[in-house]
Amino acid sequence: MAVHPTAPASPPASPETSPAAEPAGAGPAAELTVDQLAERTGISVRTIRFYAGRGLIGPPRLRGRTGLYGPEHVARLELIGEMSALGFTLAAIERHLGRVPHDAGPEDLALHRALLTPWVPEHLEDVSRDELDRRAGRPLDDAAVADLQTLGIVEVLDDGTVRLHGALGPGLDMLDSGLPPTLLRDSQALIAAHTTALAEDLMELFQREVLQPYRDAGRPAAQRVRLAAALARLKPITVQGLVAAFGRAVNRTIRDQVG
-15 MAVHPTAPAS PPASPETSPA AEPAGAGPAA ELTVDQLAER TGISVRTIRF
35 YAGRGLIGPP RLRGRTGLYG PEHVARLELI GEMSALGFTL AAIERHLGRV
85 PHDAGPEDLA LHRALLTPWV PEHLEDVSRD ELDRRAGRPL DDAAVADLQT
135 LGIVEVLDDG TVRLHGALGP GLDMLDSGLP PTLLRDSQAL IAAHTTALAE
185 DLMELFQREV LQPYRDAGRP AAQRVRLAAA LARLKPITVQ GLVAAFGRAV
235 NRTIRDQVG
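Structure representation (structure tokens):
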């Protein structure tokens, strides 16, 4: 799975982590030392410094020799962590955050997180080929792994490991169904082509009807939380509606063919 990048092995001592540093308050809006920031976000001090060196987070406010971080740093690091967990590369994270001002508040960053959150849960796990065979309960040859990859169940990485996209069982059931592999591949290609086009059309509609009016209005703060909450409700409704619409379309097609 995606992990935070590794920073240099031996960072120099910093006054931020000095025992003499003045402790920050404990409230949600309190300023934090770098150690407290690491504890709050679950991101190591070394990685926080790495991100700061790449310009992904803004500099702390200095109180004497102590660097203090505010809610905007916490929200930005949480966004970075979520993007990393979703599989975004460091370069992609840098490109995205390059368009987000460092002084963007937690509410604004919460909207960014809502926009990036997957529409369906993703459970990614990287395993070796031996572990894949163990979980399958039998050896899987290259052709079987290729068919699983076509079905979107696995992804073969450059180093030879295999990334599981959810449960392996449904993919194995498809392989064991006795249907021709070409049918599985061609049907998956059709689904991918049509759903990709649908996703692009839906995103264009959302941009035009929701996000662009929000931008044109000057990104009013009062709308950010409401927009993020509306988006969270929209996602499952849209996915459920798509599944139901597809089922009805298949039923109509069967009835038309029989008629």
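In our numbering, the protein residues as written are -15 to 243. Don't be surprised by glycine CBs; every beta carbon is placed ideally from N, CA and C.
Straight-line gap, residue i to residue j (C-alpha atoms, nearest Å)
i	j	result
THR101	ILE221	15 angstroms
GLU6	ARG49	Note that GLU6 scores 41 on pLDDT, short of 50, meaning its location in the model is unreliable; the coordinates nonetheless yield the value given after this. Those two C-alpha atoms are separated by around 10 angstroms.
LEU218	ARG210	12 angstroms
GLN20	LEU156	46 angstroms
ALA(-7)	ARG33	The pLDDT assigned to ALA(-7) is 40, lower than 50, so where the model puts this residue is not dependable; a value taken from the coordinates is nonetheless given after this. Using only the alpha carbons, I get a separation of about 12 angstroms.
PRO123	ASP117	5 angstroms
ALA14	TYR35	21 angstroms
THR166	ALA233	23 angstroms
ARG192	ASP125	47 angstroms
ARG245	HIS80	Here the chain has residues from -15 to 243 only, and residue 245 is not among them.
HIS96	ALA127	40 angstroms
LEU141	GLN133	11 angstroms
LEU195	LEU63	19 angstroms
Short Cβ contact (8 angstroms threshold) for residue i with residue j
i	j	result
GLU56	GLY82	no
THR25	VAL58	yes
MET158	LEU135	yes
VAL223	VAL104	yes
LEU52	THR17	yes
LEU168	ASP131	yes
Identified DSSP bridge partners for residue i
i	result
ARG203	ARG203 is not bridged to any residue.
GLY51	LEU46
LEU16	TYR53
Legend entry - Contiguous alpha helix (DSSP H) assignments of at least 4 residues, all confined to the stretch 128 to 171: The qualifying runs are 153 to 159.
Legend entry - Inside the stretch 57 to 126 only - alpha helix (DSSP H) runs reaching at least 4 residues: 74 to 81, 90 to 100, 113 to 120
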